[in-house]
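Single-structure report; data block below.
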Amino acid sequence: MPFSGRYVTEMDKAIKISREDWNRMLVQLAEGDGHVFAPVRKNGSFDYEQVTGDNTGSIVYNEARPASPLKIFFLPLRLNVTKSGYATGRTLIIGAPACDIEGLKLLDAIYIDEKFVDETYVSRREKAIIIGTACHKTASHCHCTAYGLNPWPGDGCDISLSAIGDDIILEPLSKKGSAFLKEIAARFQLVEPKTGDLETVSTLRSKSAAEVALSCNGLPGTEETGRLTTAAAPEFWKKQSSKCVSCGACSAICPTCTCFLLIDRPGFEKIKQQDTCQYPAFERVAGGEDPLKELSVRFHNRYMCKYVWKPERFKVLACTGCGRCTDACIAGISKNEVIMEMI
Amino acid sequence: MSKSNGLYKVIKATVDEVIDESPLIKTFVMTPEEPFRFSTGEFIELTLDGLGEAPFTPSSSPFVTERLEVTIMKTGYITARFHDLKPGEVLGIRGPFGRGYPVERFAGKEVLIVGGGCGLAPIRSLLFTLIEIKDQLKKVVLLYGSKTPTDCIYKPLFAKLNSIDKFETYRSADKPDGTDWDESYGLVTTLLATPRVDLKNAIAVVCGPPIMMKYATLKLVEIGFSDDDIFLSMEKNMSCGLGKCGHCMMGEFFVCKDGPVFTYAEIKHNPEIWK
Chain A
1 MPFSGRYVTE MDKAIKISRE DWNRMLVQLA EGDGHVFAPV RKNGSFDYEQ VTGDNTGSIV
61 YNEARPASPL KIFFLPLRLN VTKSGYATGR TLIIGAPACD IEGLKLLDAI YIDEKFVDET
121 YVSRREKAII IGTACHKTAS HCHCTAYGLN PWPGDGCDIS LSAIGDDIIL EPLSKKGSAF
181 LKEIAARFQL VEPKTGDLET VSTLRSKSAA EVALSCNGLP GTEETGRLTT AAAPEFWKKQ
241 SSKCVSCGAC SAICPTCTCF LLIDRPGFEK IKQQDTCQYP AFERVAGGED PLKELSVRFH
301 NRYMCKYVWK PERFKVLACT GCGRCTDACI AGISKNEVIM EMI
Chain B
1 MSKSNGLYKV IKATVDEVID ESPLIKTFVM TPEEPFRFST GEFIELTLDG LGEAPFTPSS
61 SPFVTERLEV TIMKTGYITA RFHDLKPGEV LGIRGPFGRG YPVERFAGKE VLIVGGGCGL
121 APIRSLLFTL IEIKDQLKKV VLLYGSKTPT DCIYKPLFAK LNSIDKFETY RSADKPDGTD
181 WDESYGLVTT LLATPRVDLK NAIAVVCGPP IMMKYATLKL VEIGFSDDDI FLSMEKNMSC
241 GLGKCGHCMM GEFFVCKDGP VFTYAEIKHN PEIWK
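First to last, the protein sequences are chains A and B. Numbering-wise (our numbering), the first sequence opens with residue 1 and increments by one. Numbering-wise (our numbering), the second sequence opens with residue 1 and increments by one.
Structural data, given as structure tokens:
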């Protein structure tokens, strides 16, 4: 698979840059040919925005997690795939949490498979430099550690960023990441982080990992969840789904939900639009047959997809424990509470 | 400068002829703008410009690349729009997609084909293929069921097949409708009550509505076919054809990419199989 693995180059060591220089560099890049996105705090929450000279002070570093999942850069809500859809320039994505980065492994497996390579997806992946951030501050429904992940980036992204005091520490995790650090080294003063800086990073990471582990204590791992999900009776799913309104918010904000609908436009144009198995008629065929006609079956389908089918098929996680689905559910359904009730 | 994503690009095809097969089923004969190659059992996405797209398995011979035939039953919004098509109109084709019939596995075998309703469309393409390779086959038996004699499609096909060495056909209509019918009445599964192939050296192919496929498959298992020798052409909502959009997922399978032809052994464990 492309885009994963740690490449060791001469620029493989962590470096430090002052926040002031970092912000200056972001604005310079944003005003150039490429795009720069970072999580920006606004009205109590934070989400990815284009970086400008005005918002660098509101960029959120090392907090779980931007409202939108990382997939939005590669699978936009709507894309005319016959006319456009290709990356228009280099895109620097700052602030991706580890759970979202892990989710990209499933997206890559689906969109860059052995038979059909989605060119628009690939162009967006190739043009992106993903700067992941460890979650020094966790969110209420985070549960990545239950699924064997750490709340800090490893493979799958290009650079790991830690904001410590007035400095930004950048650790290259890929060839692309090393090349980017070389590029900024030519324009700004970079220094080696002090031992104390790295110790601080390490301490913050361990602390957040412990926090997440405590908050999801007792939650079964993905394989066990898969077994429980398969075994639970239809009555269980009817009860659990009774408050679900099929709004699809859980899928929209899920870093690993990738389904889409192809919509036709005159001129044989095709619009690829985000879709979800939670919507009625998702699997309906001509004549009206619909395997997912019942709400409880659709609800169960999502759990089967996340914990049984996609992991079996692609050998990667299909739920990375971000917890956004619980945050987003207007019916107040907590995925993990559903899982705990299966035990 | 924009580029097009090849996976979603159509090739255009002009409708030459529309054949009424039954009150609800029509065959559209079309000429693609470039030679179109497919293997029997693979499917295409057929686009009505600006209106929508739907998956169909061509009903014509894969050995003919300059003309393509697709047989469509009027059963929903988009199929009704297809039925309005007139000669001269232009359609879009994407594909071919999926895994078709593994005809290489049929060599030296007796082939029992069970079809129902519009499910005879993919089977007709398979039959055209089997005619081409009949020297490698022991025997081909087609069992076909329709709701009424009038609903039987490709009527001239049966006499043609019966005139070919090694080929036999048997038809059944669920109920009479007052038209002439020299064949039997009853569900197509009743045709399976009579042994027509040597089970020790036979494979079976089933294509039709889900309910018919279910009972035909169970009957085939009951009379002694192994799960691995029954080939099913599954019907799901295959939207992108690329194993990406997710609409056709059946358990861990993307029917559009891993199928639509599966052995019963491959998919019998799936709870969605007959839905």
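Where a beta carbon is used, it is the ideal one built from N, C-alpha and C, also for glycine.
* Look at the Cβ atom of Met129/B, then the Cβ atom of Pro62/B, and state whether they are nearer than 8 Å. => Looking at the sequence itself, residue 129/B is Thr, so the reference to Met does not match. Taking 8 Å as the Cβ cut-off, Thr129/B and Pro62/B qualify as a contacting pair.
* Residues of chain A with CB under 8 Å from Pro210/B, in chain order? -> Glu289
* In chain A, which residues lie less than 7 Å from Leu51/B when you measure between Cβ atoms? -> Asp264
* chain B within 8 Å of Phe282/A, Cβ atoms only -> yes
* Asked: Under 9 Å Cβ-Cβ, which residues of chain B neighbour Thr258/A?
  -> Lys244, Cys245, Gly246
* To do: Going by DSSP, name the residue or residues bridged to Thr71/B.
  => Thr27/B
* Does the Cβ-Cβ distance between Glu34/B and Phe97/B come in under 8 Å? -> no
* With distances taken Cα to Cα, identify the nearest neighbour of Cys322/A among Phe73/A, Pro255/A, Val122/A. => Pro255/A
* Does any C-beta atom of chain A lie closer than 8 Å to the C-beta of Tyr215/B? -> no
* Asked: To which residues of the same chain is Thr217/B closer than 8 Å at the C-beta, ignoring the five residues directly before and after it?
  -> Val206, Ile230, Leu232, Tyr264
* Apart from the five residues on each side of it in sequence, which residues of its chain come closer than 6 Å, Cβ to Cβ, to Tyr7/A? -> Low per-residue confidence applies at Tyr7/A: pLDDT is 40, beneath 50, and the placement is therefore not dependable enough to give any value.
* Asked: Ordered along the chain, which non-local residues of its own chain (more than five positions away) have a Cβ less than 7 Å from that of Ala331/A?
  -> Lys243, Cys244, Val245
* Ile93/B and Phe167/B look like a contact to me (Cβ under 8 Å); what is the Cβ gap, rounded to whole Å? -> At roughly 30 Å, the Cβ-Cβ gap does not stay under 8 Å, so Ile93/B and Phe167/B are not in contact.
* Can you tell me the Cβ-Cβ gap for Arg67/B and Val29/B, rounded? I've got them flagged as a contact below 8 Å. => 6 Å
* Identify each residue in the segment 107-123 of chain A for which the Cβ-Cβ distance to at least one residue of chain B is less than 7 Å, and report them in chain order. => Ile110, Tyr111, Asp113, Lys115, Phe116, Asp118, Glu119, Thr120
* **Cβ of Arg78/A within 8 Å of any chain B Cβ** => no
* To do: Please specify which runs of the beta strand (DSSP E), each continuous and at least 3 residues long, are wholly inside the segment 50-108 of chain A, giving them in chain order.
  => 78-80, 91-96
* Per the contact definition of three or more C-beta pairs closer than 8 Å, is the segment 130-142 of chain A in contact with the segment 106-116 of chain A? -> no
* Of all Cβ atoms in chain A, is any one closer than 8 Å to the Cβ of Leu137/B? -> no
* To do: Determine whether the Cβ of Leu261/A lies closer than 8 Å to any Cβ atom of chain B.
  => yes
* Asked: Does DSSP classify Gly288/A as helix, strand or coil?
  -> coil
* From the DSSP output, in three-state form, read off Cys322/A for me. => coil
* **Simplified DSSP assignment, three categories, for Pro55/B** => strand
* Asked: When we look at the beta-carbon of Val191/A and count the other beta-carbons within 10 Å, is it buried (16 or more) or exposed?
  -> exposed
* From Met213/B to Ile19/B, what distance separates their C-alpha atoms? -> 26 Å
* **Complete beta strand (DSSP E) runs within the segment 214-298 of chain A (minimum length 3 residues, chain order)** => 260-265, 269-274
* **Endpoints, the alpha helix (DSSP H) within which Pro210/B is located** => 210-223
* Contact check, Glu27/A vs Phe37/A, beta carbons under 8 Å -> According to the sequence as given, residue 27/A is Val; it is not Glu. No, the Cβ-Cβ distance between Val27/A and Phe37/A is not below 8 Å.
* Where Asn162/B falls, given that 16 or more other Cβ within 10 Å makes a residue buried -> exposed
* Cβ separation of Thr179/B and Pro149/B, assumed to be a contact under 8 Å, to the nearest whole Å -> 5 Å
* Who are the near neighbours of Lys306/A in its chain, counting only those whose CB is closer than 6 Å to its CB and skipping five residues on each side? -> Ala318, Cys319
* Just the C-alpha distance for Asn345/A and Ala146/A, rounded to the nearest angstrom, thanks. => Given that chain A is displayed from residue 1 to residue 343, the structure contains no residue 345/A and the question cannot be resolved.
* To do: For chain B, find out if any of its Cβ atoms is closer than 8 Å to the Cβ of Glu49/A; answer yes or no.
  => no
* For Glu17/B, which option in Gly145/B, Gln136/B, Asp84/B has the closest C-alpha, if you only look at C-alpha atoms? -> Asp84/B
* Asked: If we call anything under 8 Å between Cβ atoms a contact, is Pro122/B one with Ser184/B?
  -> no
* Glu10/A burial status per 10 Å Cβ neighbour count (16 or more: buried) -> A caution first: Glu10/A carries a pLDDT of 48, below 50, which makes its placement in the model unreliable, though a value can still be read off. Burial call: exposed.
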